[in-house]
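**Q** Residues 102 to 581 (the working numbering) are what the sequence shown spells out, left to right.
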Amino acid sequence: MDVVDIARLQFGATTVFHFLFVPLTIGLTALVAWLETRWIRTGNPEYLRLTKLFGKLLLINFAIGVVTGIVQEFQFGMNWSDYSRFVGDVFGAPLAIEGLLAFFLESTFLGLWIFGWDRLPRGVHVACMWIVHVGTLFSSYFILAANSWMQHPVGYEFNPTTGRAELNDFGAVLLNKVQLVTFPHVVLAAYLTAGLAVVAVSGWLYVRRDHRADRPLHLRAVRLGAVVALVAGLGVAVTGDLQGKVMTEVQPMKMAAAEGLYETAESCAPFSVLTLGTPDGREEKFALTVPCLLSFLGTGSFDGEVRGINDLREEYRATYGQDPGATYYTPEEYVPVIPVTYWSFRLMMGFGMAAAAGAGLVLWLTRRGRTPTSPWFRRLLIFLPLGALAGNSFGWIFTEMGRQPWAVFGLMTTDRAVSPGVSVTEATISLLSLTAIYAALAVVEVGLILRAVRAGAPALPEPGPGGGSRDDDAPLAFAY
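(1) Comparing alpha-carbon positions, which option in Val-104, Ala-301, Leu-375, Val-274 lies nearest Val-554?
(2) What is the DSSP secondary structure of Asn-411, reduced to helix, strand or coil?
(3) Please state whether the Cβ-Cβ distance between His-286 and Gln-344 is less than 8 Å.
(4) What does the alpha-carbon distance come out to for the pair Ile-530 and Leu-110?
(5) Express the C-alpha separation of Ile-498 and Gly-113 in angstroms, rounding to a whole number.
(6) Find out if the Cβ-Cβ distance for the pair Glu-258, Asn-248 is shorter than 8 Å.
(7) Is Tyr-257 helix, strand or coil by DSSP?
(8) Flag this pair as touching only if the stretch 322 to 334 and the stretch 290 to 298 have three or more C-beta atom pairs under 8 Å; answer yes or no.
(9) Do you know how far the Cα of Glu-501 is from the Cα of Ser-182?
(10) Just the C-alpha distance for Ser-208 and Val-441, rounded to the nearest angstrom, thanks.
(11) Would you kindly report the start and end of the unbroken beta strand (DSSP E) that includes Ala-266?
(12) Go ahead and label Trp-477 buried or exposed: buried means 16 or more other beta carbons lie within 10 angstroms of its beta carbon, across all protein chains shown.
(13) Report the partner residues of Leu-584 according to the DSSP bridge assignment.
(14) Tell me, which residues are paired with Val-509 by DSSP?
(15) Is the beta carbon of Leu-159 sitting closer than 8 Å to the one on Ala-558?
(16) Classify Glu-147: buried if its beta carbon has 16 or more other beta carbons within 10 angstroms, exposed otherwise.
(17) Is Ala-366 helix, strand or coil by DSSP?
(18) Once DSSP output is grouped into helix, strand and coil, what is the label at Ala-295?
(19) Secondary structure at Val-436, three-state DSSP: helix, strand or coil?
(20) Would you mind sorting Arg-504 into buried or exposed? The rule is 16 or more other CB atoms within 10 Å of its CB.
(21) Determine the burial state of Thr-283: buried for a count of at least 16 other Cβ atoms within 10 Å of its Cβ, exposed for fewer.
(22) Between Gly-409 and the rest of its own chain, which residues show a CB-CB distance below 8 Å, the 5 nearest in sequence each way excluded?
(23) Taking C-beta to C-beta, are Leu-325 and Tyr-307 nearer than 8 Å?
(24) Going straight from the alpha carbon of Glu-406 to that of Pro-506, what length do you get?
(25) Taking Cβ positions, are Phe-204 and Ser-241 nearer each other than 8 Å?
(26) For the pair the stretch 261 to 277 and the stretch 113 to 132, tell me if three or more CB-CB distances fall below 8 Å.
(27) Taking the beta carbon of Phe-446 as the centre, do at least 16 other beta carbons fall within 10 Å, making it buried, or is it exposed?
(28) On the three-state DSSP scale, how would you describe Ala-357?
(29) Is Leu-211 closer than 8 Å to Val-235 when the C-beta atoms are compared?
(30) Counting contacts by CB-CB distance shorter than 8 Å, is Val-519 in contact with chain C?
(31) Only counting the same chain, and skipping five residues up and downstream in sequence, which positions put a Cβ closer than 7 Å to that of Ala-540?
(32) Ser-241 by DSSP, collapsed to three states: which one?
(33) Per the contact definition of three or more C-beta pairs closer than 8 Å, is the stretch 186 to 201 in contact with the stretch 161 to 171?
(34) Reducing DSSP to helix, strand and coil, say where Gly-426 ends up.
(35) Which same chain residues, not among the five before or five after Ala-518, have their C-beta less than 6 Å away from its C-beta?
(36) Thinking Val-391 and Phe-372 are a contact (beta carbons under 8 Å), I'd like their distance in whole angstroms, please.
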């Protein structure tokens, strides 16, 4: 492997690992805030116990997620300095706002929430968690705006003197058509993931004999998580459909590769359930298809045209030249790796739909107070959050791999974005070091999560915020 391969492998591995924590943080902040709100409004101590349980899991996930996220920023300078130089003027604004505004909201008000038990009035305390959730949404929006610019560059002009893309319309970047469909899709997927995490944790405690006394509490949480996951799953499907239509417009090669569509279909393009082609990606050998469905998914009309790989390859050669600089990637130049794009797209959809269907199944099994405890129900509980996380991961793999060989679509190829001064040895050491660190963090994360889950909801919760006696001169204390 050369430096480009190693840099891509490192960035992909660390990004996918980091994104395991992001959807849980976004979704759990909303669910914890809602649980505490319900406790304040109803006075039911079960909601306080669930707030404490899932608040602890949120804090563990948030801490590890912050550590893994910091590495993403450093990698731009480590392995992708030419990319950073080219897009820095555009990326600087949304990423700076994300750091100064969004992360400030998250960290500051999460700290107030942690140390504010018994010190802040109840309404103020729960408002802190709602603000944390708003911070996660702001953070997601600005980061996704930067990524959407890579998919569909807008609001810039190229300066031939400096060789840089320079921002000239920040509003266009924030309101990029790719961004407007990507943001709700990612956030709804986060709610789906967090809802299924609640189902898995409370469901596991629900079937445990040593937590039998808390079955009504955990059944309440299981059904709450399943409702959130099912509604969010439907939203993911709707926003995913909108994404497909925008992708067909701005990145037709990605859509063609995702469907294994080699020849342009002027109307009634079939949706590929399974397609096998030659290794060079030039010819289709076998296809199992649903007639006209791809035209509808891509254009909103069963008679819509969807362009194929072969025609788009020739168009890109004429537009961008014969050599896209993708010598490391494929002799087919402007075509992504078809098997990776094709299967990551299907795995994304498959895991996502299965997770949402699983949430519906859980609601059915627990209807009218039913108490399923069979072994297969336990296995279902384990699959649900893992399936949602897998769907998220394959979604990001599809998003980034389907854009190849471009780092910024139509402007900069990936092999021209890598740092010119990094050697293979340096890149390898960096990859191995980060892999070892992330492996250690994964062990820590899993260990802490399992320990917190085994402990269950606190049997004797501390007095609620603003309630009971307290010493105003006592130092702040960590509530967990």
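Don't be surprised by glycine CBs; every beta carbon is placed ideally from N, CA and C.
**A** This is what the structure holds:
(1) Working through the sequence shown from its first residue, we reach residue 554 at position 453. When only C-alpha atoms are compared, the closest one is Ala-301.
(2) As a first step, residue 411 is located in the sequence shown; it is residue number 310 there, counting from the start. Helix at Asn-411.
(3) Position 185 of the sequence shown holds residue 286. Position 243 of the sequence shown holds residue 344. Taking the C-beta atoms as reference points, Gln-344 is found nearer than 8 Å to His-286.
(4) If you number the sequence shown from 1, residue 530 lands on position 429. If you number the sequence shown from 1, residue 110 lands on position 9. Note on geometry: alpha-carbon atoms of Ile-530 and Leu-110 lie some 13 Å from one another.
(5) The residue given as residue 113 occupies position 12 in the sequence shown. The residue given as residue 498 occupies position 397 in the sequence shown. Roughly 8 Å separates the two Cα atoms.
(6) In the sequence shown, the residue the question calls residue 258 occupies position 157. In the sequence shown, the residue the question calls residue 248 occupies position 147. No, they are not a contact pair.
(7) Residue 257 sits at position 156 when you count from the first residue of the sequence shown. DSSP, read as helix, strand or coil, puts Tyr-257 in strand.
(8) Judged by Cβ distances under 8 Å, the stretch 322 to 334 makes contact with the stretch 290 to 298, as three or more pairs qualify.
(9) Reading the sequence shown from its first residue, position 81 is the one you call residue 182. Reading the sequence shown from its first residue, position 400 is the one you call residue 501. Looking at the two C-alpha atoms, the distance is approximately 19 Å.
(10) Along the sequence shown, read from residue 1 onward, the residue named residue 208 stands at position 107. Along the sequence shown, read from residue 1 onward, the residue named residue 441 stands at position 340. Rounded to the nearest angstrom, the two C-alpha atoms are 37 Å apart.
(11) Looking up residue 266 in the sequence shown gives position 165. Note, Ala-266: beta strand (DSSP E), 265 to 268.
(12) Locating residue 477 in the sequence shown gives position 376, counting from the first residue. Exposed, because fewer than 16 other Cβ atoms sit within 10 Å of the Cβ of Trp-477.
(13) This structure gives no information on residue 584, because the portion of the chain shown stretches from 102 to 581.
(14) The residue given as residue 509 occupies position 408 in the sequence shown. Looking at the DSSP assignment, Val-509 forms a beta bridge with Met-513.
(15) Here residue 159 is taken as the residue at index 58 of the sequence shown, counted from 1. Here residue 558 is taken as the residue at index 457 of the sequence shown, counted from 1. Not closer than 8 Å, so no.
(16) Start at 1 with the first residue of the sequence shown, and residue 147 comes out as number 46. Buried is the call here.
(17) Mapped onto the sequence shown, residue 366 falls at position 265. Looking at Ala-366 - three-state DSSP - the assignment turns out to be strand.
(18) Stepping through the sequence shown from its first residue, residue 295 is reached at position 194. Three-state DSSP puts Ala-295 in a helix.
(19) Locating residue 436 in the sequence shown gives position 335, where the first residue counts as 1. If DSSP states are grouped into helix, strand and coil, Val-436 belongs with coil.
(20) Taking the first residue of the sequence shown as position 1, residue 504 is located at position 403. Arg-504 should be labelled buried.
(21) Locating residue 283 in the sequence shown gives position 182, where the first residue counts as 1. With 16 or more Cβ atoms within 10 Å of its Cβ, Thr-283 is classed as buried.
(22) If you number the sequence shown from 1, residue 409 lands on position 308. The beta carbon of Gly-409 is closer than 8 Å to those of Ala-357, Leu-362, Tyr-363, Glu-364, Thr-365, Ala-366 in its chain, skipping five residues each way along the sequence.
(23) Taking the first residue of the sequence shown as 1, we reach residue 325 at position 224. Taking the first residue of the sequence shown as 1, we reach residue 307 at position 206. In this structure, Tyr-307 does not lie closer than 8 Å to Leu-325 by Cβ.
(24) As a position in the sequence shown, residue 406 is number 305, starting the count at 1. As a position in the sequence shown, residue 506 is number 405, starting the count at 1. The straight-line gap from Cα to Cα measures roughly 24 Å.
(25) Taking the sequence shown and counting its residues from 1, the one referred to as residue 204 is at position 103. Taking the sequence shown and counting its residues from 1, the one referred to as residue 241 is at position 140. No, these two residues do not count as a Cβ contact at 8 Å.
(26) The stretch 261 to 277 vs the stretch 113 to 132: no contact.
(27) In the sequence shown, the residue the question calls residue 446 occupies position 345. Phe-446 should be labelled buried.
(28) One-based indexing of the sequence shown puts residue 357 at position 256. Looking at Ala-357 - three-state DSSP - the assignment turns out to be helix.
(29) Here residue 235 refers to the residue found at position 134 when the sequence shown is read from its first residue. Here residue 211 refers to the residue found at position 110 when the sequence shown is read from its first residue. The answer is no: Cβ separation not under 8 Å.
(30) Looking for chain C here will not work: only one protein chain is present.
(31) Your numbering for residue 540 matches position 439 in the sequence shown. The answer is none, since no qualifying residue turns up.
(32) Position 140 of the sequence shown, counted from the start, is the residue given in the question as residue 241. Correct three-state label for Ser-241: helix.
(33) Flag = no, the stretch 161 to 171 and the stretch 186 to 201 do not touch.
(34) For the purposes of this step, residue 426 is taken as residue 325 along the sequence shown, with counting starting at 1. Low local confidence applies: a pLDDT of 48 at Gly-426 is under 50, so the model's placement there is unreliable, and no value is given.
(35) Residue 518 sits at position 417 when you count from the first residue of the sequence shown. Cβ neighbours of Ala-518 within its own chain (closer than 6 Å, five residues either side excluded): Trp-181, Asp-183, Tyr-184, Ala-508.
(36) Reading the sequence shown from its first residue, position 290 is the one you call residue 391. Reading the sequence shown from its first residue, position 271 is the one you call residue 372. So it is a contact: roughly 4 Å between Cβ atoms.
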